[in-house]
Amino acid sequence: MRKSWYELAEAIRIALEQVNVHRMRSLLTALGVIIGILAVTLMGTAIKGIDIGFRDSLSMLGNDVFYVEKFPWKDVGDEWMMYRNRPNMKSSYADDLNQIIAGTADSNLVIAVPTVGSRQRIDRDQRNIGGVEVIGTNSDFTLINTGDIEHGRFFTDNEALAGRNVIVLGYDVANTLFPEGVEQAVGKDVRVRNIRFRVVGVFARQGSFLGLQSFDSNGVIPLLSLRKFFVNPWWDTTTIRVKKHPDATIAEARDEIIGATRRVRGLEPGEAEDFEVNQSDMIEKQLGPVKMGIAVAGFFVTGLALFVGAIGIMNITFVSVKERTREIGTRRALGARRRAILLQFLVESCMICLLGGLVGLGCSWGIKSVVTMVAPHFPLVMSMELIVVAVLIAVGTGLVSGFAPAFQAARLDPAEALRHE
Amino acid sequence: MSQGKEPNRDPVIEIIGVRKIYDLGEIRVHALDGVDLKIYPNDYVAVMGPSGSGKSTLMNLLGCLDTPTEGHYHFGGEDVAEMSDNELADIRNRRIGFVFQSFNLLPRATILRNVELPLVYAGLDSHTRLQRAEEALTKVGLADRLRHRPNELSGGQRQRVAIARALVNRPSIILADEPTGNLDSRTGEEIMALFEELYRQGNTLIVVTHEDDIAQHARRCVRLRDGRIESDSPTSHK
Chain U
85 MRKSWYELAE AIRIALEQVN VHRMRSLLTA LGVIIGILAV TLMGTAIKGI
135 DIGFRDSLSM LGNDVFYVEK FPWKDVGDEW MMYRNRPNMK SSYADDLNQI
185 IAGTADSNLV IAVPTVGSRQ RIDRDQRNIG GVEVIGTNSD FTLINTGDIE
235 HGRFFTDNEA LAGRNVIVLG YDVANTLFPE GVEQAVGKDV RVRNIRFRVV
285 GVFARQGSFL GLQSFDSNGV IPLLSLRKFF VNPWWDTTTI RVKKHPDATI
335 AEARDEIIGA TRRVRGLEPG EAEDFEVNQS DMIEKQLGPV KMGIAVAGFF
385 VTGLALFVGA IGIMNITFVS VKERTREIGT RRALGARRRA ILLQFLVESC
435 MICLLGGLVG LGCSWGIKSV VTMVAPHFPL VMSMELIVVA VLIAVGTGLV
485 SGFAPAFQAA RLDPAEALRH E
Chain G
448 MSQGKEPNRD PVIEIIGVRK IYDLGEIRVH ALDGVDLKIY PNDYVAVMGP
498 SGSGKSTLMN LLGCLDTPTE GHYHFGGEDV AEMSDNELAD IRNRRIGFVF
548 QSFNLLPRAT ILRNVELPLV YAGLDSHTRL QRAEEALTKV GLADRLRHRP
598 NELSGGQRQR VAIARALVNR PSIILADEPT GNLDSRTGEE IMALFEELYR
648 QGNTLIVVTH EDDIAQHARR CVRLRDGRIE SDSPTSHK
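Keeping their order, the protein sequence lines are chains U and G. Under my numbering, the first residue of the first sequence is numbered 85, with each subsequent residue one higher. Under my numbering, the first residue of the second sequence is numbered 448, with each subsequent residue one higher.
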């Protein structure tokens with residue numbers, strides 16, 4: 085056993101010597117592996133980044149909140165008219181649902197909250213910000229909302245019921261209108277489509293992912309105020325947000341929401357549902373094909389590069405065996421077993437691949453750093469697992485490509501190898 | 448037949464009726480055609496013969512680099528013909544010290560590391576290896592060159608490194624193939640003087656050569672011709 089360790093140590097020593105002597109040759113040979121590892125790590129980094137960025141961004145929607153709406157969160161295509169013709173959602177459903185929830189023993193649900201969205205421009209003195217998603221809701225919103233208030237407060241039940249002109253601003257909105265400091269916004273007035281609203285609070289910054297909406301670009305006002313000033317008679321976007329009980333499973337909660345909403349809607353048994361129960365993971369699922377695309381492209385490039393690299397390394401290892409036939413004979417004469425020779429050349433090809441892998445990792449680390457510096461919001465996350473996987477792939481390539489030449493070297497007849505010029 | 452000076456002792460090497468046949472498709476070459484040979488501890492044997500006489504083949508067999516087609520080869524009482532490749536490697540490692548015509552040193556390794564190499568394959572730890580390699584190099588007078596590389600040494604010095612490497616694992620025999628073939632005659636004499644010293648210290652030496660002057664340093668000379676032993680007699684040495 086110890087003998088094998090010494091043989092391995094010797095093999096590593098020889099391999100390092102060889103790589104050091106043939107620096108240029110090793111680097112050129114490793115190019116395929118470098119590109120392969122670069123591709124696989126960049127791909128992994130991008131996928132991981134998309135995952136994390138998306139999850140962060142979706143957390144505002146909440147994993148435990150269901151969105152009962154007319155339209156599903158997916159591309160409806162030709163069926164758009166069918167969805168369009170469904171009866172509108174009403175904000176009063178929230179009260180109906182809450183009554184059903186209250187009347188159900190061990191309900192899987194906690195609360196239903198109505199929200200209506202409307203895109204508006206918000207002004208303050210000379211500054212303005214357009215396309216703000218102004219959400220009208222009631223004070224229960226804080227029970228389902230995952231965004232924290234950083235300054236000020238949310239509006240109260242009384243303010244909501246009275247339809248006061250109060251607004252809670254998303255971070256980006258507040259930051260644009262109050263560049264002197266978002267904390268300055270609380271207590272000041274802004275104008276939403278020329279109607280004066282008093283800022284009572286500012287949400288904490290969430291950050292957004294690839295331009296997906298987040299609370300940062302929202303404003304929240306009482307539902308009554310929204311209906312009073314900004315209601316859109318031909319395009320109702322009422323959503324009933326329903327939060328599930330922490331102990332309930334998603335399926336249980338979903339079933340209960342569907343049943344309760346059917347009752348509210350007055351659907352007969354057997355009648356198809358004319359509403360959708362949407363969830364944040366539905367958006368995430370739509371990202372699947374994108375990630376798949378990146379993965380397929382990445383694997384293709386990786387596979388191709390590694391294949392070419394493996395052939396190159398096999399070739400160079402054959403050359404190395406040829407060049408050092410006499411050395412192999414000498415080692416065999418001095419008592420090296422076949423295993424030791426096999427090991428020597430395998431370690432050598434692995435060493436070149438490992439070196440290529442490390443250079444590849446270094447390159448993708450560099451690219452990642454540059455991208456992060458230039459575009460801080462672009463999601464790139466290089467994980468430890470990815471580094472381990474990259475190293476394993478590199479070493480695996482070395483083993484596969486080095487085996488044939490190493491086997492040939494080990495099979496050499498010692499007497500003949502010694503005679504080799 | 449037995450020309451060993453102490454026939455009452457067991458031979459290190461005993462070859463009985465050995466044939467080596469190379470099958471080259473159409474023709475079969477009888478490189479060795481029935482050879483019997485005994486080598487005793489502390490023998491100093493020169494193996495001579497013109498090219499094509501089977502000298503190299505005998506050398507490869509003696510060095511356990513190859514196995515005979517027919518016949519028996521006992522090394523220290525064990526039958527080499529029956530041995531696996533790994534067992535042969537171990538015999539070469541522990542019991543045979545090779546000295547080659549062209550030294551066969553690793554060019555990029557220090558001479559200390561070159562000499563240490565057989566001990567790596569013997570599975571000795573690094574400390575013992577270096578200690579024994581240094582001892583062996585001291586024996587051949589190169590204790591002050593441990594960190595040098597072969598290309599920084601003269602031919603004679605290189606061959607002395609190779610001899611140190613052959614000695615380092617305390618082998619039963621030292622097998623030298625034309626050890627002076629790549630050296631000028633004065634350096635060659637130096638190497639032969641070193642062999643003489645090793646012989647006096649009790650080592651068993653086999654030197655393959657085609658030069659009569661070199662063969663005269665040995666105590667016994669085996670001449671080959673056409674795959675057979677033509678003569679096996681003491682030399683005129685002193």
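Using N, Cα and C, we set each Cβ at its ideal position, and we do this for glycine too. Because the structure is a prediction, the values reported are computed rather than measured.
Glu243/U is classed as buried because its beta carbon has at least 16 other beta carbons within 10 Å across all chains shown.
Contact between Ile661/G and Val669/G is absent: CB atoms are separated by about 14 angstroms, not below the 8 angstroms threshold. The C-beta of Ile395/U has fewer than 16 other C-beta atoms within 10 Å across all chains shown, which makes the residue exposed.
In this model, Arg347/U and Arg168/U are separated by some 21 angstroms (Cα to Cα). For Leu471/G, the closest Cβ of chain U is not nearer than 9 angstroms. Here Thr322/U carries a coil assignment [DSSP, helix/strand/coil]. Counting only residues of its own chain and dropping the five nearest sequence neighbours on each side, Leu566/G has a CB closer than 8 angstroms to the CB of Thr575, Arg576, Arg579, Ala580, Val615 and Asn616. Beta-bridge pairing by DSSP links Cys668/G to Ala493/G and Ser680/G.
Annotated as distal: Asn229/U and Ala178/U, with beta-carbon spacing of 9 angstroms or more. Proximity of Lys87/U to chain G, defined by a Cβ-Cβ separation below 9 angstroms, is satisfied. Contact of Glu469/U with chain G is not assigned, every C-beta pair being separated by 9 angstroms or more. Across the set Asp241/U, Val218/U and Gly343/U, the C-alpha of Val218/U shows the shortest separation from the C-alpha of Thr322/U.
Following the DSSP letters along the chain, one finds His574/G inside the alpha helix (DSSP H) bounded by residues Ser573 to Lys586. Taking a C-beta cut-off of 9 angstroms against chain G, the contacting residues of the stretch 410-444 of chain U are Arg410, Glu411, Gly413, Thr414, Arg415, Arg416, Ala417, Leu418, Gly419, Ala420, Arg421, Arg422, Arg423 and Ala424, listed in chain order.
Listed along chain G, no residue sits closer than 9 angstroms to Ala99/U by beta-carbon distance, the nearest being about 12 angstroms off. Fewer than three beta-carbon pairs drawn from the stretch 443-452 of chain U and the stretch 415-426 of chain U are found closer than 8 angstroms, and the two stretches are therefore not classed as touching.
Scanning Gly231/U, Ala379/U, Ile436/U and Arg495/U for the CA closest to the CA of Ile400/U turns up Ile436/U. Closest by C-alpha distance to Tyr151/U, out of Leu261/U, Gly254/U and Lys328/U, is Lys328/U. About 10 angstroms separates the beta carbons of Val304/U and Val257/U, which is beyond the 8 angstroms limit, so they are not a contact pair. Nearest to Lys586/G by C-alpha distance, out of Thr557/G, Ser573/G, Ile462/G and Gln604/G, is Gln604/G. At a Cβ-Cβ threshold of 9 angstroms, Glu357/U and Ile342/U count as neighbours. Shown here, Tyr151/U sits in a strand according to DSSP, grouped into three states.
Under the Cβ criterion of 9 angstroms, Ser601/G is not counted among the residues facing chain U.
Assigned with DSSP and collapsed to three states, Asn362/U falls in strand. Assignment of beta-bridge partners to Pro198/U by DSSP yields Ile324/U. Interface flag for Phe522/G against chain U is unset, since no Cβ pair is found closer than 9 angstroms. Counting the other Cβ atoms within 10 Å of the Cβ of Thr188/U gives fewer than 16, which makes it exposed. For Ala488/U, no beta strand (DSSP E) run applies; the uninterrupted alpha helix (DSSP H) run containing it begins and ends at Met468 to Arg495, by DSSP. Counting only residues of its own chain and dropping the five nearest sequence neighbours on each side, Ile98/U has a CB closer than 8 angstroms to the CB of Gln428, Val431 and Glu432. Per DSSP, reduced to three states, the secondary structure at Gly464/G is strand. Between Phe547/G and Asp624/G, the C-beta gap is smaller than 9 angstroms, which places the two residues in contact. With contacts defined as CB atoms closer than 9 angstroms, Thr260/U and Met466/U fail to qualify as a contacting pair.
Not flagged as an interface residue toward chain G: Ala493/U, since no C-beta distance is shorter than 9 angstroms. Under a 10 Å Cβ-count criterion, His504/U is classified as exposed, with fewer than 16 other Cβ atoms of the shown protein chains found around its own Cβ. The alpha helix (DSSP H) runs of length 4 or more contained entirely in the stretch 493-533 of chain G are, from start to end of the chain, 502-509. In the three-state reduction of the DSSP assignment, Tyr469/G falls in the strand class, which pools E and B.
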